[in-house]
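Take the sequence shown: its position 184, counted from the start at 1, is 184 in my numbering, and no numbers get skipped.
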Amino acid sequence: MIQTTERKVCNIVRGVASPLLANLYLHELDVEMRQAGLVMVRYADDAVVLCRTREEAEDALTRMRAWVDANGLTLHPDKTHVGDCRLEGHGFEFLGYRFEAGQRWVRKESLIGLRDKIRALTKRNRGDSIESIIASINPTLRGWFGYFQHAHRYTFSSVDGFVRRRLRAILRRQLHRPGQGRCLRDHTRWPNAFFADLGLFTMSQALRLARQSRCGNN
Numbered sequence: 001m002i003q004t005t006e007r008k009v010c011n012i013v014r015g016v017a018s019p020l021l022a023n024l025y026l027h028e029l030d031v032e033m034r035q036a037g038l039v040m041v042r043y044a045d046d047a048v049v050l051c052r053t054r055e056e057a058e059d060a061l062t063r064m065r066a067w068v069d070a071n072g073l074t075l076h077p078d079k080t081h082v083g084d085c086r087l088e089g090h091g092f093e094f095l096g097y098r099f100e101a102g103q104r105w106v107r108k109e110s111l112i113g114l115r116d117k118i119r120a121l122t123k124r125n126r127g128d129s130i131e132s133i134i135a136s137i138n139p140t141l142r143g144w145f146g147y148f149q150h151a152h153r154y155t156f157s158s159v160d161g162f163v164r165r166r167l168r169a170i171l172r173r174q175l176h177r178p179g180q181g182r183c184l185r186d187h188t189r190w191p192n193a194f195f196a197d198l199g200l201f202t203m204s205q206a207l208r209l210a211r212q213s214r215c216g217n218n
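Written out as structure tokens, the structure is:
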């Protein structure tokens with residue numbers, strides 16, 4: 001496996017047209033790698049080349065370096081490497097996912113970004129009703145799950161727990177009680193079913209339904 005990112009020598013300001021321009025410019029690279037019998041997965045200027053052996057990967061990297069050099073490009077030094085994604089510690093990140101040890105995980109930065117969004121929407125001094133707050137965060141949770149639903153299931157139970165803790169902390173604040181919604185009494189007063197009844201989007205439940213749907217279609 002090779003992961004790499006091409007970057008132009010000159011300074012180009014990224015914009016909404018950047019992926020389209022990258023696809024147009026790098027089409028010939030797609031052709032070059034395909035004619036060499038290599039499987040390359042590319043989105044804009046981010047690419048992963050799938051190989052059967054390390055020797056094949058090294059040859060593919062040599063071929064890619066030759067092409068980008070000939071076309072006035074450079075490979076990103078920090079993102080270009082050869083590794084075995086079946087082994088722990090030798091994975092790669094691509095389009096928000098982390099592929100390592102035969103598993104698909106959510107990239108750490110992607111998870112941090114979601115948590116930051118949830119924090120912004122669930123500040124404890126927010127005066128809205130809990131129903132209104134849940135309605136405001138559901139689109140974010142639903143959209144994030146829609147993209148990352150193929151990641152390891154542990155991710156979703158972790159996010160669900162984080163969201164409910166934030167909501168319990170708000171409820172405590174509304175009752176003029178300090179705390180972060182972590183104690184057992186809070187779980188008893190506001191169990192998971194309480195938030196489900198209010199319509200909170202739960203990723204673990206969405207994952208179960210998605211898997212049942214896929215099994216039913218097979």
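Think of the CB as a built atom: it goes at the ideal place given N, C-alpha and C, for glycine as much as any other residue.
Whether residue i touches residue j by CB criterion (9 Å)
i, j, result
"GLY96", "VAL106", "yes"
"ASN138", "PHE201", "yes"
"GLN149", "ALA196", "no"
"SER204", "PHE162", "no"
"TYR43", "PHE94", "yes"
"LEU75", "VAL82", "no"
"ARG166", "ARG208", "no"
"ILE133", "LEU114", "no"
"GLN212", "HIS152", "no"
"ARG63", "MET33", "yes"
Rounded separation between residue i and residue j - CA only
i, j, result
"SER158", "GLY89", "22 Å"
"ALA135", "ARG142", "11 Å"
"ALA70", "THR140", "43 Å"
"ARG164", "ASN192", "8 Å"
"PHE145", "ALA169", "23 Å"
Beta bridge counterpart(s) of residue i as assigned by DSSP
i, result
"MET40", "VAL49"
"PHE94", "TYR97"
Reduced DSSP secondary structure (H/G/I, E/B, other) of residue i
i, result
"GLU88", "coil"
"TYR155", "It should be pointed out that residue 155 corresponds to Thr in this sequence rather than to Tyr. Residue state, collapsed to three classes: helix."
"VAL13", "Below a pLDDT of 50, predicted positions are generally treated as unreliable, and VAL13, at 45, falls in that range; the measurement from the model is reported next regardless. The answer is coil: DSSP assigns VAL13 none of H, G, I, E or B."
"LEU73", "strand"
"HIS27", "helix"
"GLN35", "helix"
Residue i at chain B interface by Cβ criterion, 9 Å
i, result
"LEU111", "No chain B appears in the structure shown, which is made up of a single protein chain."
### Task
Return the chain-ordered ranges of every alpha helix (DSSP H) run that is complete within the region 165–211 and spans a minimum of 4 residues.
184–189, 192–197
### Task
Run through the region 98–145 for me and flag every whole alpha helix (DSSP H) of 4 or more residues, listed as ranges in chain order.
108–121
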